[in-house]
Amino acid sequence: MSPTLRNTLIVAAAVVVSLLVASAGVWWAASREVVTRITSLSHTGSTGRALVVYHPGLSDFPDRITSAFAAGMASAGWRVDRTTASRRAPTDLSGYDLVVLGSPVYANAAAPPLTRYLDRLGDLGGRPVVLVFTAAGDAGPALETSAAQAAAHHGRVVARLGYTTQQIGDPPPGDTGPQVERAARMARDAGRGLRAVSP
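Every number in my numbering is 1 more than the matching position in the sequence shown, counting from 1.
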């Protein structure tokens, strides 16, 4: 084997190993639970009481969208408690009229911490569920899968909302600021438009 071929193979192997390690690191970061306290956006409200549980993801986009949706709900008269999908998130839903599940989409699926949280909840007892997902592309397949998972736990999915940083007709990726702001406004408006749902 020539020295040039050997050096090329070594460099190629190093690149492959580096990509595998980087991919594993990203997957680990996307899969780990983030623990936060429950924050209440509104202590009063006559529309109902909602629990918003989300996974913050690898960027601030999921947090911004979930925050905007929860703020919209609070302005529409909902009492809103918000926390991340972790082992410390509430599993006793008896005090809530609605559950909102938020997640970034990775590989056409919800983030693993949100999926694990939904499994820990067990039977949702027919409780209304809203899915609020974020993606760099199409959130549809992840919304479908998570809606089926919620239904398997006897949840009643009343809305599936997908927000993206990139839509058809948008300028090429780069500065996604305007798209993020547009998505946040849409999420806030959707939260405002969410009226009382019957249990």
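We put the CB at the ideal spot given by N, CA and C, even for glycine. Since the structure is predicted, the reported quantities are computational estimates derived from the model, not experimental observations.
Could you spell out where the alpha helix (DSSP H) holding residue i opens and where it closes?
i, result
"threonine 116", "113-122"
"serine 68", "62-76"
By Cβ distance below 6 Å, which residues in the same chain neighbour residue i in space, the five residues on each side in sequence not counted?
i, result
"glutamate 34", "Ser87 and Pro114"
"leucine 144", "Leu132, Phe134, Arg161 and Gly163"
"aspartate 98", "Gly49 and Arg50"
"alanine 140", "Val106, Phe134 and Gly163"
Over the uninterrupted beta strand (DSSP E) stretch that includes residue i, give me the two end residues.
i, result
"proline 85", "A quick correction: the sequence has threonine, not proline, at residue 85. Counting along the chain, the beta strand (DSSP E) containing threonine 85 begins and ends at 79-85."
"arginine 157", "157-165"
"serine 94", "The sequence given here places leucine at residue 94; serine does not occur at that position. Careful: leucine 94 lies outside any beta strand (DSSP E) and carries neither H nor E."
"valine 101", "99-107"
"leucine 52", "49-55"
Give every residue of the same chain whose Cβ lies closer than 8 Å to the Cβ of residue i, excluding the five residues on either side of it in the sequence, and list them in chain order.
i, result
"aspartate 176", "Reliability of the predicted coordinates at aspartate 176 is poor, the pLDDT of 48 falling under 50, and no value is obtained from them."
"glycine 194", "Gly73 and Ala77"
"arginine 89", "Val36"
"valine 18", "none"
"isoleucine 66", "Gly103, Val133, Thr135, Tyr164, Ala184, Ala185 and Ala188"
So residue i and residue j are supposed to be a Cβ contact under 8 Å. How far apart are they, rounded?
i, j, result
"alanine 136", "proline 105", "7 Å"
"leucine 102", "leucine 119", "7 Å"
"alanine 69", "glycine 192", "7 Å"
"arginine 80", "histidine 56", "About 23 Å; that fails the 8 Å criterion."
So, at 7 Å on beta carbons, what are the nonlocal neighbours of residue i in its own chain, with the 5 sequence-adjacent residues on each side left out?
i, result
"glycine 96", "Arg50"
Could you say if the region 37-48 and the region 70-89 meet the contact criterion of at least three C-beta pairs nearer than 8 Å? yes
Would the region 153-160 count as touching the region 127-145 if we require 3 or more Cβ pairs under 8 Å? yes
Mind pulling the beta strand (DSSP E) runs of 3 or more residues that sit fully within the region 122-152? 129-136
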